[in-house]
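As structure tokens, the structure follows; a few thoughts come after it.
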Amino acid sequence: MPRIENSIIVERDFDTTFDLTNDIELWTKLFTEYKEAKVLEKNGNEVLFQLTTYPEGERPSRTWVSRRIIDKENKQATAERLDPKFPFKYMNIRWSYEVISPNQVKK
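Structural data, given as structure tokens:
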């Protein structure tokens, strides 16, 4: 099964970075592919949300529902695409946050 890994360096403090990237309703400003990001339900650190993409060329916009568990203490957030799963068999996402020193940042 394919697995994709990405990493980025954000030159901001951990709290700001974690809070902004886990504020799902801000995702339309943070990520260019989302036309709409809507929180459907929130229960503690678990968020049920809906994302809608912009249409791209011949491809229509797509909408799906996911669940995200936000764990600030352990510096991570996990998510699972719930409905529809198509075109995937499953989609599980894990965002891990690591605080690094300024001299580790490559310019």
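For what it's worth, full-length UniProt numbering labels the leading residue of the sequence shown as 1, then goes sequentially.
Glycine residues also receive a C-beta, built at the ideal position from the N, C-alpha and C atoms.
| Item | Value |
| --- | --- |
| Compare the C-alpha of Thr78 against each of Arg68, Lys85, Pro84, Pro87 and name the closest. | Arg68 |
| In whole angstroms, give me the CA-to-CA distance for Ile24 and Gly57. | 26 Å |
| Please report the straight-line C-alpha distance between Ile93 and Arg81, rounded to a whole angstrom. | 9 Å |
| Pick out the complete beta strand (DSSP E) segments inside the UniProt domain "Coenzyme Q-binding protein COQ10 START" (10–99), 3 residues or longer, and give them in chain order. | 34–43, 46–53, 63–71, 76–83, 92–96 |
| Give every residue of the same chain whose Cβ lies closer than 7 Å to the Cβ of Thr53, excluding the five residues on either side of it in the sequence, and list them in chain order. | Glu33, Tyr34, Lys35, Ser61, Arg62 |
| What separation, rounded to the nearest whole angstrom, lies between the Cα atoms of Val39 and Val10? | 25 Å |
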